[in-house]
Structure formats: C-alpha cells, structure tokens
C-alpha cells in the first residue's frame, strides 16, 4: 500500500494524455510534488509541478533525472511510443526503435530509480503496459509490451525486499495522441489513471484498468484458438 499524501511523484511521458492525468490526479490525491518529465518538458501552472527533461533512451539523461529527483517516492513508467506493426512487414530497425523506448527505456528508469525508492522508504514503481501485452494483435508493438510486462514481473520480485510496491497496469484503447488516428471506442484517460492510482493506494500488484483488459486476462488460460479465432480455420 502506497499513500500519495505527501508523496513525491515522478511521471515519465508527462506531456501526453495519460501522463498529464497522472500528474494532475497525483496532486489531487495529496502529492506534495510531481516531476513531470518529457524529452521536451512543457510548462505547468502549478508550483508543485517540476518540469524535468528526460529521454528514457539516453542513459546520461536518465542518470541526470535520477540525480535531480532524488526525493522521489513514486515513479510512473508511462513513456512509450507506437509503431512496429506486423513483424514480417516491419524492419528490424523500426522494431528496435520501439523496444528502445518501451522496453529498455522503461528498464533504465526502473534500474535508475530503484535505489532512490529504496532509500526513501520503498515507495512504488508503476509500469504502464497494455492489453496488447497479452494478445499479439499489435505486431512488434505487442511484443514490446509483452517484454515490458515480463520485466515488471521480475522487478516486482527483486524490489520486494526493499519494500517497493511494483504495479503493472494494463489498458486497452485510450483517448490519447497515440490513438488519435484510430476509429475505435476509447477509454477516458482520467478513468484509466483513476483506476491505476486506486490500485497503488490499495496495495495491489496489478490493475486491469478497463473491461477489455479484464476480458483478455481472464481468457489467457483458454486454448489459443479462443484468443486468435483465425487459427481455427488456418
């Protein structure tokens, strides 16, 4: 269980729809300070928000952020990029670019801030995954989120001894810039973030933030043909 009251939160990818919701709702729940990070940080109208430059693909940038935010007690690994569709139709270079942010960038942040969180009493690490962690409809992007999910499971076990709560958050299509061109039903970022912060404060390890995530998670024990009907006729 991690109480946001009086906490110091760092959010990666804070300029986006989910990131901005993480920042505002953390303050609404009593956070004392929020580091709002991005490659090019935006300005904010609240003195409790500290804009901080962070490129998660650059180790020197991560190291600088760790030094600047040494008082962080909660870290939200939210930064991510889209792209990398069908693996046979996408170049290795494009798949590597997505993995560089979604997997290795998130891991850099987790490794960098792990001792900070431990030194500040344990706190929490929140990793933002996707329902596509569990269902391979997004090609290389799905693969990157599956890898990130696996890393989170390892981090959860490795950080438990220092008292750090590791929360893996799964969600489907959400109304952010990444999904702007998709003509599909989308969740409100505020609803998704509310569910994630509720899980953090309740001491949970995993949050299924919308119905599609709950449905896919529940179906993982079924035969593959249930998740991928096209296999039945292949």
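Residue numbers (the numbering used here): 12 to 245. Yeah, the Cβ is synthetic: ideal placement off N, Cα and C, and Gly gets one too. Only a predicted model underlies this, so the values are computations on that prediction, with no experimental measurement involved.
- By the Cβ rule, the stretch 123-130 does not count as touching the stretch 54-65, because fewer than three pairs are nearer than 8 Å.
- Take the alpha-carbon of residue 41 and the one of residue 18: they are about 7 Å apart.
- The stretch 87-96 and the stretch 142-155 touch, with three or more beta-carbon pairs separated by less than 8 Å.
- For residue 181 and residue 141, the gap between their C-alpha atoms comes out near 4 Å.
- Here DSSP, grouped into helix, strand and coil, assigns residue 136 to strand.
- Boundaries for residue 88: no alpha helix (DSSP H) harbours it, while the beta strand (DSSP E) harbouring it runs 85-88, taken from the DSSP string.
- Contact between residue 139 and residue 88 holds: CB atoms are separated by about 6 Å, below the 8 Å threshold.
- Counting every other CB atom within 10 Å of its CB across the protein chains shown gives residue 183 a total of 16 or more, marking it as buried.
- Taking a contact to require three or more Cβ pairs closer than 8 Å, the stretch 216-228 and the stretch 165-182 qualify as touching.
- Annotation for residue 38: 45, 57, 59, 60 place their beta carbon closer than 8 Å to its own, counting only its chain and skipping 5 residues before and after.
- The criterion of a C-beta distance shorter than 8 Å is not satisfied by residue 25 and residue 201.
- When secondary structure is reduced to three states using DSSP, residue 107 falls in the helix class.
- Boundaries cannot be given for residue 239, as no beta strand (DSSP E) includes it and DSSP labels it neither H nor E.
- Taking C-beta atoms as the reference points, residue 229 and residue 236 fail to come closer than 8 Å.
- Rounded to whole angstroms, residue 174 and residue 52 show a C-alpha spacing of 31 Å.
- With a contact defined as Cβ atoms closer than 8 Å, residue 13 and residue 212 qualify at about 6 Å.
- Look at residue 92 here: in three-state DSSP terms it is coil, with no helix or strand label.
- Taking 4 residues as the minimum length, the alpha helix (DSSP H) runs contained wholly in the stretch 57-83 are 70-79, in order along the chain.
- Ranked by Cα distance from residue 145, the first of 27, 226, 208 is 226.
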